[in-house]
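Under our numbering, think of the first position of the sequence shown as 768, with each following residue one higher. C-beta atoms are modelled at their ideal positions from N, C-alpha and C, and glycine is treated no differently. The model shown is predicted, which means the values in this text are computed figures rather than measured ones. The block underneath contains the structure these notes are about, expressed in structure tokens.
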Amino acid sequence: MGYSTFDLSVADHVAHLRLNRPQELNTMNGAFWTELIDGFAEIDADASVRAVVISSTGRHFTAGLDLKWAGTSLGNQSADAGRAREKFRRHVKHMQDTFTVVDQCRVPVIAAIQGGCIGGGVDFVTACDIRLGSADAFFTIQEVNIAIVADVGTLQRIPHLLPQGLIRELAYTGRRWTADEAGRQGFLNRVLPDHAATVDAALVMAAEIAKKSPLAITGIKQVLNHGRGRTIEDGLEYVAVWNAAMLQGEDMAKAVTAQMTKGQATFADLAA
């Protein structure tokens, strides 16, 4: 399937989704919000994919929401206030779904971030499992600067990644947050010298993940995601049931044999 806001390719069990509107600073126009949902549906349907890398083009990862499109999308409102607000709620829910599909992708998603990651970009990368950044990367929870409460995922997901005091400072001030800070505070797993090195490191990490049992990897992601907002007891029960169901396959025997023989196990893809 062809997309207008990004390129999507798959090689050696790794899907690479690359934002491709550098002249527009990879802003999120109307097509983006539907295409990303379709792109991740394509990824999830491809049983050969074991990890995903998200990267971008040009100076900035993304400048966030396309404000011109946003203004147009709010036009032609119903004269009835209640109906207009119900329509707007559905509009926001659709935008939330765009990043929820990233969060819920059955395999790990690694973001390789260069330059600015602004507004909706922060919503995007907080939905990813792992974030790598170039030395010139910076982040801004931009919504407060245009008098909006961030509403498509940042305020819900970032509390699982950063301390509350820092989150509130960034959300209240809308200040620029550098790669150096983000690396020291654990938001970025690693800071690389430049854009190319960041993408390369993400692809190497994805390739390492792709060598593991895909059944184990998808299980780890499911268990970690399930545990957010739940008690330890709930999480322990969930993983016990998961392993009781999933450890019936061949992957563990292959992995143990490879460990004992100092070899490399080869695992079958998940079922299509």
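Applying the criterion that 16 or more other CB atoms from any shown protein chain within 10 Å of the CB defines a buried residue, is residue i buried or exposed?
i	result
His927	exposed
Glu1004	exposed
Ser980	buried
Val966	buried
Leu955	buried
Ala949	buried
Phe905	buried
Val892	buried
Thr1024	exposed
Gln931	exposed
Just confirm the distance between the C-beta atoms of residue i and residue j, as a whole number of angstroms; I'd bet it's less than 8 angstroms.
i	j	result
Asn796	Leu786	So it is not a contact: roughly 11 angstroms between Cβ atoms.
Ala938	Ile908	5 angstroms
Thr829	Gly888	4 angstroms
Arg873	Asp774	Arg873 to Asp774, Cβ: 21 angstroms. No contact.
Ala977	Val781	6 angstroms
Leu982	Gly1016	6 angstroms
Ile984	Pro875	7 angstroms
Ala968	Leu959	5 angstroms
Gly1002	Gly994	4 angstroms
Helix, strand or coil: how does DSSP classify residue i here?
i	result
His993	helix
His780	coil
Arg785	strand
Arg873	coil
Leu937	helix
Phe891	helix
Thr921	helix
Asp847	coil
Val958	strand
Thr945	strand
Arg907	Strictly speaking, residue 907 in this sequence is Thr, with Arg absent from that position. Three-state result, Thr907: strand.
Leu775	strand
Ile976	helix
Ile915	coil
Lys1021	helix
Ala1032	coil
Met768	coil
Thr865	helix
Gly953	coil
Thr985	helix
Thr965	helix
Leu1003	helix
May I ask you to list the residues that DSSP assigns as paired with residue i?
i	result
Ile880	Gly900
Leu928	None; Leu928 has no bridge partner.
Ile885	Thr907
At which residue ranges does the region 791 to 839 contain complete alpha helix (DSSP H) runs of 4 or more residues, listed in the order of the chain? 797 to 812
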